[in-house]
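Colleague: Sharing a structure below in structure tokens format, with a few things to ask.
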Amino acid sequence: MRSQVKEIAPVISSIVNSINQIPFEQQKSEIEKEFPDLLVEKPKKEEREGLPPLEGAQQGNVITRFPPEPNGYPHIGHAKAAIIDEEYAKMYGGKLILRFDDTNPEAERLEYYAAIKVGLDWLGVKYDRVKNTSDDIELLYKKCLELINGGFAYLCTCKQETVSANRREMKACKCSLGKLEQNLERWEKMFSKYKQGEAIVRFRGDMKSENTVMRDPVMCRIIEAKHPILSDRYRVWPSYDFSVAIEDSIDGVTHAFRTKEYELRNELYYTILDALKMRKPKVIEFSRLGFEGMPVSKRILRPLIEECKVSGYDDPRLPTLEALKRRGITPEAIRKFVLSLGFTKADTLAPFDTLESLNRKIIDSDSIRLHMVKNPVKIRILGMPHTITMPNHPTKDIGTRQITLDENLYIESEDIKNLKIGDELRFMGLGNVQITKTEPLEGNYIGDELKAQIPKVQWVVQKDAQKIKILIPSQLFIGEVFNEKSLEEIDVFVESHYSQLKEGKEIQFVRFGYCRKDSVLQAIYTHK
RNA sequence: GCUCCUGUGGUGUAGUCCGGUUAAGCAUACUGCCCUCUCAAGGCAGUGAUCCCGGGUUCAAAUCCCGGCGGGAGCACCA
241 MRSQVKEIAP
251 VISSIVNSIN
261 QIPFEQQKSE
271 IEKEFPDLLV
281 EKPKKEEREG
291 LPPLEGAQQG
301 NVITRFPPEP
311 NGYPHIGHAK
321 AAIIDEEYAK
331 MYGGKLILRF
341 DDTNPEAERL
351 EYYAAIKVGL
361 DWLGVKYDRV
371 KNTSDDIELL
381 YKKCLELING
391 GFAYLCTCKQ
401 ETVSANRREM
411 KACKCSLGKL
421 EQNLERWEKM
431 FSKYKQGEAI
441 VRFRGDMKSE
451 NTVMRDPVMC
461 RIIEAKHPIL
471 SDRYRVWPSY
481 DFSVAIEDSI
491 DGVTHAFRTK
501 EYELRNELYY
511 TILDALKMRK
521 PKVIEFSRLG
531 FEGMPVSKRI
541 LRPLIEECKV
551 SGYDDPRLPT
561 LEALKRRGIT
571 PEAIRKFVLS
581 LGFTKADTLA
591 PFDTLESLNR
601 KIIDSDSIRL
611 HMVKNPVKIR
621 ILGMPHTITM
631 PNHPTKDIGT
641 RQITLDENLY
651 IESEDIKNLK
661 IGDELRFMGL
671 GNVQITKTEP
681 LEGNYIGDEL
691 KAQIPKVQWV
701 VQKDAQKIKI
711 LIPSQLFIGE
721 VFNEKSLEEI
731 DVFVESHYSQ
741 LKEGKEIQFV
751 RFGYCRKDSV
761 LQAIYTHK
């Protein structure tokens, strides 16, 4: 039918035409007689709010978990995962577990356990239980032994290169032929005699599998570094693949979310649990979240910090939670944003615009409006009032402030371009000024009657103007290259009232944009 | 290279499982108007997608099937 649309179209339009000749009332009554169901209003499909329903989820029976490795500061990617984990637990009246996945003592540090908690706290993500994978290390050993005893795992003492070459070439390892006694003996030796790199426990997968993850993956290995919590009490550490499966299962997790790059590991996850006859959670993956030109990976960030190209993990150009906070992005905005991205596996380069827009709407109503002048020029105005009261917000009642005037003010040089003697300017909140002289600038105060047409400018009193710096962050990377101009600094004058604001307070500098007070001397540009 | 995942307006998504009632909803961006002592917020309207491409099944496909192509990820004794 579709392919014949050209021939059919004229026929349709002639029919429609002839029907349109019939009066509307008659059309209606005929339809009512012949096809009454056509007139019944179809119920509109309901627009779904928030995340899609979870497969196999039962009200009151859902347990999710957020399993960060304490190896760095939390960033927007952690936020996405944690918020999704929490939202689903909430949606089904379930529970959220925060589990520090600390099975690689080489990478983990105590300060990061705390930093992650601080980040979640700030985000408003509440968990019902906290634990560490390392709490269960003895249990993990037990499960590992069970795998060995059941013939599902064996001890391998090959060199690392041999192991990876065999995996690449799909060749079985000679160690996998070893008898149980040999495995048990080697297992014992992992705790005493062997050194790091000399022995590993391998799951008996399938060296011929298309899925490289299944080619006899590592379950336990020796790491001699000091663990942030357990110090040097242990040297045999379970691998991620082994520990998540076991932990999720024993923690009662029903739905385990992880990012897409783990997708190939699902087969292993389920196979391990099958081998141990343990309950299997449902693993579901979602896409990683990143912003354009705002890398999240420590591999890229660390050198930047070491070379002092960024000031630290709270540099306002970074997508860490600390940085976002410092920049003035609110946790509410982050949550809305994450939820707006949906639960999808499609690769996402998130629109920072949307985050800013959501944030703006949240902070607008309690951002105090203040005057700020960049590229200042002096102006002397005769006949001004001595003091005025300015509202802190144009529509919301968030107080007023008194300003003591004198005749010397600053205004922005951009605002006096093409200004001629006799022109009028509206000094916002103050009144109208007629220019009497241009170099130096002078004018007469001519009353505060509101006139629609004259340009409105913001101004600052010279004698108590506060000089501050505003940091304006922009994209850290353009393509692959570091953007040398990613942090603009401008020196500006602001009203003295600035000094009375608490640090962290969000301000809207009139005709400029939203900024967050970082210190007495510095504010950070949030967004327009 | 091999394997897996993914592909809806400028951007992010809803709808895809159970094909029609929507030639596609929402947000953001953009444009215009209203409001306004801000280039903000708020209100209203509008622009913008033949749903990656090509075939097939069907009376009917964004939705099902096959084949391409684009993008991402994995191929660690890291998580």
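Residue numbering for the first sequence follows the working numbering, starting at 241 and increasing by one per position. Heads up, the beta-carbon is just placed ideally off N, CA and C, and yes, glycines get one too.
(1) I need the straight-line Cα distance from Asp376 to Arg557, nearest angstrom please.
(2) Once the 5 residues before and after Ile628 are set aside, which same chain residues still bring their CB inside 7 Å of it?
(3) Considering Cα atoms alone, identify which of Ile621, Ala586, Phe577, Phe583 is closest to Arg600.
(4) Under 8 Å, with one C-beta from each stretch per pair, do the segment 329-346 and the segment 475-493 reach the 3-pair mark?
(5) For Val673 and Gly687, I'd like the C-alpha separation in whole angstroms.
(6) What does a CB cutoff of less than 6 Å around Leu470 pick up in its chain, not counting 5 residues either side in sequence?
(7) Closest to Ile727 by CA distance: which of Pro307, Ser551, Thr676 is it?
(8) Tell me, which residues are paired with Ala496 by DSSP?
(9) Sorted by chain position, which residues of the same chain lie with C-beta nearer than 7 Å to Ala319's C-beta, five sequence neighbours on each side aside?
(10) If you draw a straight line from the alpha carbon of Arg609 to that of Trp699, how long is it in whole angstroms?
(11) Would you list the one or two residues that DSSP bridges to Tyr789?
(12) Tell me which same chain residues have a C-beta within less than 8 Å of the C-beta of Ser479, skipping the five on either side of it?
(13) Using DSSP's beta-bridge definition, name the partner residues of Cys396.
(14) With 16 other CB atoms within 10 Å as the buried threshold, where does Pro571 fall?
(15) Who are Lys529's beta bridge partners in DSSP?
(16) Ordered along the chain, which non-local residues of its own chain (more than five positions away) have a Cβ less than 8 Å from that of Leu420?
(17) In chain order, what residues of the same chain lie with their CB nearer than 8 Å to the CB of Glu652, ignoring the 5 residues before and after it?
(18) Return the first residue and the last residue of the alpha helix (DSSP H) that Gly290 is part of.
(19) Among residues of its own chain, excluding the 5 on either side of Glu503, which ones have a beta-carbon nearer than 7 Å to its beta-carbon?
(20) Do you know offhand how far Ile463's Cα is from Glu346's?
(21) Buried or exposed: Asn301, going by 16 or more other Cβ atoms within 10 Å of its Cβ?
Modeller: So, from the data block:
(1) 38 Å
(2) Ile643, Leu645, Gly669, Leu670
(3) Phe577
(4) yes
(5) 8 Å
(6) Ser374
(7) According to the sequence as given, residue 727 is Leu; it is not Ile. Selected option, being the one with the closest Cα: Ser551.
(8) Val523
(9) Leu363, Leu561, Ile574, Val578
(10) 13 Å
(11) Only positions 241 to 768 of the chain appear in the structure, and residue 789 is not among them; the question remains open.
(12) Thr343, Pro457, Val458, Met459, Cys460, Arg461
(13) Ile440
(14) buried
(15) Checking the sequence, you will find Leu at residue 529 rather than Lys. Thr588, per the DSSP bridge assignment.
(16) Ile388, Asn389, Gly391
(17) Val613, Lys614, Asn615, Pro616, Val617, Val697, Gln698
(18) Counting along the chain, Gly290 falls outside any alpha helix (DSSP H), and DSSP gives it neither H nor E.
(19) Glu525
(20) 8 Å
(21) exposed
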